[in-house]
Structure formats: C-alpha cells, structure tokens
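Residue numbers (this note's numbering): 0 to 113.
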C-alpha cells in the first residue's frame, strides 16, 4: 500500500528507534520540515486506516517526555470518566471530557464540544 503525493515532502531527519532485533520491526521517527506536510501524512493515514492496520503499521505523533508524564499523572481521571460513560480525548497534555468540565485539586480539564 502506497500513497503518491503530488507534493514533495521535505524531511529534516529520519531514523529508526531502538536496537535491531531479528524478527522484529523498529519504529521510524521522521522530523518534518513543514507542519503542513506532517498534517498531510497524518490525515492520509487516518483515511487509509484499515489498510495500515492490515499491515500492522501505524502513524502517530511523538509526544515529549513532559507531555507523557502529565498524561500518566492524569490517567486515573481518564479511567474514572470512561467508567462513568463519558468520552475522553487527549489534546497534547490536556485532557478533554465530553459533556462537562472536571476540576480536581487546582486541575481544570476542558470539555470537548458536543
């Protein structure tokens, strides 16, 4: 499965993560020169999601360590809200909960538009 773009996508760096292990694949990390190119690749991957899943591949945005730490600290809130039947979504390090604003100890979580 390939996607041919009429636009040339400019990449600053491309490399594989981790140590090479026989029989296992490694993730590829690419730094896009232009934000619009990154969004084009992400949008195309969403449109062709079933094809990508069939090949056991995926496209995602790599988050910073600080963002991942903030998400880990809020994971108990995500589990509580999902158990209550609410939809949750991450926007960077912010947690969005559909239908209400959740405030816990000086932490205000924004709501998604219904």
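The C-beta atom is built at its ideal place from N, Cα and C for all residues, glycine as well.
- Alpha carbon to alpha carbon, how far is residue 11 from residue 85? As a first step, residue 11 must be located in the chain shown, where it is residue number 12. As a first step, residue 85 must be located in the chain shown, where it is residue number 86. Distance from the CA of residue 11 to the CA of residue 85, rounded to the nearest whole angstrom, comes to 40 angstroms.
- Task: Quick one: residues in its chain with C-beta nearer than 6 angstroms to the C-beta of residue 8, no 5 flanking neighbours on either side, listed in chain order?
- Result: The residue given as residue 8 occupies position 9 in the chain shown. A distance below 6 angstroms between beta-carbons, with the five flanking residues on each side excluded, links residue 8 to the following residues of its chain, in chain order: 36.
- Which ranges does the alpha helix (DSSP H) cover as unbroken runs of at least 4 residues, wholly within the region 23 to 67, from first to last along the chain? The qualifying runs are 34 to 46, 48 to 53.
- Message: As a quick exercise: from 71, 66, 88, 41, pick the residue whose alpha carbon is nearest that of residue 59.
- Response: For this step, residue 59 is matched to residue 60 along the chain shown. Taking only the C-alpha atoms, the option nearest residue 59 is 41.
- Can you grab the Cα-Cα spacing for the pair residue 32 / residue 18, in whole Å? Along the chain shown, one-based indexing puts residue 32 at 33. Along the chain shown, one-based indexing puts residue 18 at 19. Going from the Cα of residue 32 to the Cα of residue 18 covers about 26 angstroms.
- Query: Do you know offhand how far residue 82's Cα is from residue 75's?
  - Reply: If you number the chain shown from 1, residue 82 lands on position 83. If you number the chain shown from 1, residue 75 lands on position 76. Distance from the CA atom of residue 82 to the CA atom of residue 75, rounded to whole angstroms, is 11 angstroms.
- Message: As a quick exercise: from 73, 91, 52, pick the residue whose alpha carbon is nearest that of residue 61.
- Response: Taking the first residue of the chain shown as 1, we reach residue 61 at position 62. Residue 91 is the option with its Cα nearest to residue 61.
- Task: Following the continuous beta strand (DSSP E) through residue 87, name the residue where it begins and the one where it ends.
- Result: For the purposes of this step, residue 87 is identified with residue 88 of the chain shown, where counting begins at 1. Annotation: the continuous beta strand (DSSP E) that includes residue 87 extends over 87 to 90.
- Item | Reference residue 43, options 80, 71, 3, closest by Cα | Mapped onto the chain shown, residue 43 falls at position 44. It is 3 whose Cα lies nearest to the Cα of residue 43.
- Message: Give me the DSSP bridge partner(s) of residue 14.
- Response: Sequence index remark: in the chain shown, residue 14 carries index 15 (1-based). BP columns for residue 14 point to 28.
- Message: I'd like the span of the beta strand (DSSP E) that includes residue 93, first residue to last.
- Response: Position 94 of the chain shown, counted from the start, is the residue given in the question as residue 93. 93 to 97 is the span of the beta strand (DSSP E), which, as asked, contains residue 93.
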